[in-house]
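Asker: This note's numbering puts the sequence shown at residues 1015 to 1212.
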Amino acid sequence: MVTPLCKLALKYGTDKCPQLKHSYTPFYYQLLKDKRREIKKVLEMGIGFFPGMPEKKVFFDPGLKRTYHMGASLYMWRDFFPNAQIFGADDHPETLFEDNRIQTFLCDETKKEDIVELVKKTGTDIDLFIDDANHNSRKQIFLAKNLMPLLKKDVIYIIEDVYYPDNILNALSEYDCQISQFPPKLQEDRLIVVRHKR
Ligand SMILES: C[S@@+](CC[C@H](N)C(=O)[O-])C[C@H]1O[C@@H](n2cnc3c(N)ncnc32)[C@H](O)[C@@H]1O
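Below, the structure written as structure tokens:
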């Protein structure tokens, strides 16, 4: 099913949609479609780094045969949530940019002090957080353990591209974790939604 979120993913070239690579946008559409107007703040870790990108903001990616807009998923979220401020964070300074309702910050997800500084800038009232940075499970766990306690109680926290789900479920047992495994196109085509326990 090609959802409105799939269309936005394709427009900007993020690989979150099945038409390019991952199976996430139909899932996100079902999860978030009734919250489009109420989501006010989105934060995504991992903006998108390609060698040579400082000169080119839009370029053809021969690997995925797509036109990639720098910050593709941030633009996708911005267009999907009409009332939201979109924040992006990355450890590569070349990825940083600003645009209408989009702000980005330098942050290494493996450094606690960077995570704390990031939240000072965005505020703790993030409605939706997406970890699309390194995808190493130890780093995914480190980020969740250090970021989740700083965010408001009803945040929807998503970890994408989960290679080792059991490691994450065990390490984050203080939270409610829901795993979504998509038909086996790719080993890591899997995400976990993390929520504070009620
Ligand atoms: C898969 S790309 C993000 C793609 C983007 N979210 C999209 O869908 O268009 C992963 C990004 O994570 C960043 N990254 C890798 N390690 C990181 C770390 N330790 N801290 C923060 N960002 C990191 C990379 O620089 C890269 O830009």
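Every residue, glycine too, gets a C-beta built ideally from N, C-alpha and C. These figures come from a predicted structure and were not determined experimentally.
Decide if Met1090 is buried, meaning its Cβ has at least 16 other Cβ atoms within 10 Å, or exposed.
Answerer: The residue labelled residue 1090 in the question sits at position 76 within the sequence shown. Buried: at least 16 other Cβ atoms inside 10 Å.
Asker: Pick out whichever of Asn1148, Asp1093, Cys1121, Leu1200 has its Cα sitting closest to the Cα of Ile1053.
Answerer: Taking the first residue of the sequence shown as 1, we reach residue 1053 at position 39. The candidate whose alpha carbon is nearest that of Ile1053 is Asp1093.
Asker: Report the rounded CA-to-CA distance for Val1207 versus Pro1076, giving the unit in angstroms.
Answerer: Along the sequence shown, one-based indexing puts residue 1207 at 193. Along the sequence shown, one-based indexing puts residue 1076 at 62. Val1207 and Pro1076: Cα-Cα distance of roughly 31 Å.
Asker: Using the Cα positions of Phe1095 and Thr1136, report the straight-line distance between them to the nearest angstrom.
Answerer: To locate residue 1095, count along the sequence shown from 1; it is residue 81. To locate residue 1136, count along the sequence shown from 1; it is residue 122. Looking at the two C-alpha atoms, the distance is approximately 17 Å.
Asker: Between the segment 1054 to 1072 and the segment 1142 to 1156, can you find at least three pairs of beta-carbon atoms closer than 8 Å?
Answerer: Cβ pair count under 8 Å is three or more, so yes.
Asker: Could you check how far apart the C-beta atoms of Asp1145 and Glu1174 are, in whole angstroms? I think they sit under 8 Å.
Answerer: As a working note, residue 1145 is residue 131 in the sequence shown. As a working note, residue 1174 is residue 160 in the sequence shown. About 6 Å; that satisfies the 8 Å criterion.
Asker: For Met1162, which residues of its own chain have a beta-carbon under 7 Å away from its beta-carbon, when the five flanking residues on both sides are left out?
Answerer: Position 148 of the sequence shown, counted from the start, is the residue given in the question as residue 1162. Closer than 7 Å at Cβ, skipping near neighbours: Tyr1171, Tyr1189, Val1208.
Asker: As an exercise, report each continuous alpha helix (DSSP H) stretch of at least 4 residues that is fully enclosed by the segment 1152 to 1187, in chain order.
Answerer: Those alpha helix (DSSP H) runs which fall completely within the segment 1152 to 1187 and span 4+ residues are 1179 to 1185.
Asker: Any chance the CB of Ser1194 is under 7 Å from a heavy atom of ligand 1?
Answerer: Mapped onto the sequence shown, residue 1194 falls at position 180. Not under cutoff, so the answer is no.
Asker: Hey, could you find the ends of the beta strand (DSSP E) Arg1080 is sitting in?
Answerer: Translated into positions along the sequence shown, residue 1080 becomes position 66. Counting along the chain, the beta strand (DSSP E) containing Arg1080 begins and ends at 1080 to 1083.
Asker: Confirm the yes/no value for this check: CB of Asn1160, any heavy atom of ligand 1, distance under 7 Å.
Answerer: Within the sequence shown, the letter at position 146 stands for residue 1160. Flag unset: Cβ of Asn1160 not near ligand 1.
Asker: Could you spell out the range, first to last residue, of the beta strand (DSSP E) harbouring Ser1087?
Answerer: Here residue 1087 corresponds to residue number 73 of the sequence shown, with the count starting at 1. Segment 1086 to 1094 is the alpha helix (DSSP H) holding Ser1087; no beta strand (DSSP E) there.
Asker: DSSP puts Thr1118 in a beta bridge; with which residues?
Answerer: Walking along the sequence shown from the start, residue 1118 turns up at place 104. DSSP output for Thr1118 lists Gly1102 as bridge partner(s).
Asker: Using 8 Å for Cβ pairs, my map puts Thr1118 next to Glu1127. What's the rounded Cβ distance?
Answerer: As a position in the sequence shown, residue 1118 is number 104, starting the count at 1. As a position in the sequence shown, residue 1127 is number 113, starting the count at 1. Not a contact, Cβ separation roughly 18 Å.
Asker: Taking only three categories from DSSP, how would you classify Leu1046?
Answerer: Residue 1046 sits at position 32 when you count from the first residue of the sequence shown. It is helical.
Asker: Going by the DSSP bridge assignment, what does Ile1144 pair with across the sheet?
Answerer: For this step, residue 1144 is matched to residue 130 along the sequence shown. Paired residues: Glu1058, Ile1172.
Asker: Could you tell me which residues DSSP puts in a beta bridge with Ser1037?
Answerer: For the purposes of this step, residue 1037 is identified with residue 23 of the sequence shown, where counting begins at 1. DSSP, once it has assigned bridges, lists no residue as partnering Ser1037.
Asker: Work out the CA separation of Ala1158 and Tyr1082 for me, nearest whole Å.
Answerer: For this step, residue 1082 is matched to residue 68 along the sequence shown. For this step, residue 1158 is matched to residue 144 along the sequence shown. Going by the C-alpha atoms only, they are around 28 Å apart.
Asker: At what residues does the beta strand (DSSP E) containing Asp1128 begin and finish?
Answerer: Looking up residue 1128 in the sequence shown gives position 114. Counting along the chain, Asp1128 falls outside any beta strand (DSSP E), though it belongs to the alpha helix (DSSP H) covering 1126 to 1136.
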